[in-house]
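Protein chains in written order, with this note's numbering: chain A, -13 to 284; chain B, 715 to 1044.
The beta-carbon is built from N, C-alpha and C at its ideal position, and this holds for glycine as well.
These numbers come from a predicted model, not from an experiment.
In what follows, a structure is listed as structure tokens, so that the remarks can point back to it.
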């Protein structure tokens, strides 16, 4: 960045994001992994060396070899191909369900924290009820009502995580709404909707981003768990959790059935967490480095 | 806007909070007005009701407060308005400057956007117009190279500069009234002087009415036309500023003036007012200052509320007696 030419918000924060990410090798690693995952998710079926349901009857439960780098399962299907294709399922579930949870939870939390009173009480007690159920049990119950499948799994995970976002949002809103700048906005007659959008939301972005990255990771785990219980993706479509489930009977004989899908889950979850951490730093203007701050105030 | 009447006029304004230990009277029957181009200083200790009277007058009190009395903004009743309309009128005609410039700006929004917020909301400006308006306002309050700075964030400014930004924000829609709630308290002395000077010059140029809430009598002397001294939720004395400083007539005002540091007599101990202000839950039946009063010039002071009496030239004071009558030089 040279001097202080007038930059648009978008440009400057984008540059700052890149600059901050560059200084943080772990975040770079996380971002690279996520980028690779997205590519794999989109191009999965074309990248996979063989079809997900192609059966190699001569090599059932085969050790990893050059022909099948991740080995084959009990039906002789190529584990590598299935792990690759399953990436799309995991990402889709994570993004859609967390998106749903974020939209619903933030709206509820914002309204609760901003208006307080009986609105707050009513909404938060509903959230408490949702919270009272163990996460997986609630998801299982929702799936039981709506019938198993990918869409149901997404909705279930979304519903399960919405109260967390509602609580995080409400807690942050409660502290932000008492700030003088919110009072100042009220005093000049700014509307509630505008205050929430412009003054409250940007100030609670940091905890939400962290929560989002964690939830993305948890959503992937939840999808795996639901599929592991046979309530998510239905066979023969592959999903990491489903593969773990199918492979559990062979753990002692065929370690590769568990290790590779498990490693895929592990790496994805880790990558989301690393990037989420870095994003929090980037999106908070107060985290500007001293040198940048000096340059722009000169 | 309209004619020559007062910009803001409070008539017998009372603010009561219902608490678990009974009603707490924060403001008890306060009346004052401020005209175009005039500066009224509200002086008093913390809890004397000076900020609360202004917040109540503009409809910014917490929901638990009960507000009674009359408030007229530009000749029209403000308290009778519906909330959306009140919000509209408040935003259009009144600008607020709060005490702490560190917290009265949104830390994650560029200052240009904050300064032009009121214009966007009330004057229906487009983004581009609002941006130009922000530059104009920042220029007006003396922020150097305003056009380059509108994308900067509040943390990139010093305290004094931030308070200038807050003032620019308050001036957004050319308000008829500027309410400054202890705007210099959080600043160091040189910066204080600059801000006082800035507001005075802006007022001269724009003809805005100013209500300046403070406990700093030095600032009052520098900026005010008239002063209202508040104690225990009531006005105890109101006068033109030179009159008040020359002839303080209420024992509380006298004590306040005596407690100012005076460079001519440096080194000595400052006279303090012993005791503490009364609780709004339990105001004395008579004069609220009676328990701490060094004069107690009349037997009725303890049990009966003294009326506001005019002692000449718009100078009113809440005592039963004239200082001269009880043998004290004013």
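- At a beta-carbon threshold of 8 angstroms, the residues of chain A lying near residue 802/B are 175, ordered along the chain.
- Three or more beta-carbon pairs separated by less than 8 angstroms are not found between the stretch 727 to 735 of chain B and the stretch 902 to 921 of chain B, which leaves the two stretches without contact.
- Between residue 893/B and residue 849/B, the C-beta gap is not smaller than 8 angstroms, which leaves the two residues out of contact.
- Contact annotation: residue 821/B and residue 867/B have beta-carbon atoms nearer than 8 angstroms.
- Chain-order list of chain A residues neighbouring residue 806/B: 175, by C-beta distance under 8 angstroms.
- The beta carbon of residue 1026/B sits closer than 8 angstroms to none of the beta carbons in its chain outside the five residues before and after it.
- Among the residues of chain A, those whose CB is under 9 angstroms from the CB of residue 812/B are 166, 167, 169, 170 and 173, following chain order.
- In the DSSP assignment, residue 983/B falls outside any beta strand (DSSP E), carrying neither H nor E.
- The stretch 90 to 107 of chain A makes contact with the stretch 142 to 157 of chain A, as at least three CB pairs between them are under 8 angstroms.
- Straight across, the Cα-Cα distance linking residue 56/A with residue 76/A is about 19 angstroms.
- For residue 822/B, a Cβ of chain A is located within less than 8 angstroms of the residue's own Cβ.
- Sequence-distant Cβ neighbours of residue 176/A in its own chain, meaning closer than 6 angstroms and more than five residues away, do not exist here.
- Sequence-ordered contacts of the stretch 181 to 203 of chain A with chain B read 184, 185, 188, 189 and 191 [C-beta pairs closer than 8 angstroms].
- In this structure, the beta-carbon distance from residue 151/A to residue 202/A does not fall below 8 angstroms.
- Contact with chain A is absent for residue 964/B, since none of that chain's Cβ atoms lies less than 8 angstroms from the residue's Cβ.
- For residue 886/B, the chain A residues whose C-beta falls within less than 8 angstroms of its own C-beta are 174, listed in chain order.
- Beta-bridge partners of residue 268/A (DSSP): none assigned.
- When 741/B, 753/B, 743/B and 739/B are compared, the shortest CA-CA separation from residue 891/B is found for 753/B.
- Taking C-alpha positions only, residue 167/A is separated from residue 887/B by approximately 18 angstroms.
- The CB of residue 818/B comes closer than 9 angstroms to the CB of 165, 166, 167, 169 and 170 in chain A, given here in chain order.
- Bounds of the alpha helix (DSSP H) holding residue 12/A are 11 to 33.
- Contact holds between the stretch 995 to 1013 of chain B and the stretch 939 to 951 of chain B, because three or more Cβ pairs, one in each stretch, are under 8 angstroms apart.
- Residue 930/B and residue 170/A have their C-alpha atoms spaced approximately 23 angstroms apart.
- Between the beta-carbon of residue 992/B and that of residue 998/B there is about 6 angstroms, and that keeps the pair under the 8 angstroms contact cut.
- Taken through DSSP and simplified to helix, strand or coil, residue 944/B comes out as strand.
- Collapsing the DSSP output to three states places residue 776/B in coil.
- Chain A has a Cβ within less than 8 angstroms of the Cβ of residue 831/B.
- Secondary-structure assignment with DSSP links residue 754/B through a beta bridge to 925/B and 940/B.
- Across the structure, residue 934/B and residue 265/A are spaced so that their CA atoms are roughly 48 angstroms apart.
- Distance from the CA of residue 242/A to the CA of residue 44/A, rounded to the nearest whole angstrom, comes to 18 angstroms.
- The C-alpha of residue 53/A is placed about 24 angstroms away from the C-alpha of residue 235/A.
- With 16 or more other Cβ atoms from the protein chains shown falling within 10 Å of its own Cβ, residue 212/A counts as buried.
- In this structure, DSSP gives residue 165/A a state outside helix and strand, which the three-state scheme calls coil.
- Interface with chain A (8 angstroms Cβ-Cβ cutoff): residue 835/B is included.
- The continuous alpha helix (DSSP H) containing residue 199/A extends over residues 191 to 214.
- For residue 774/B, the chain A residues whose C-beta falls within less than 9 angstroms of its own C-beta are 169, 172 and 173, listed in chain order.
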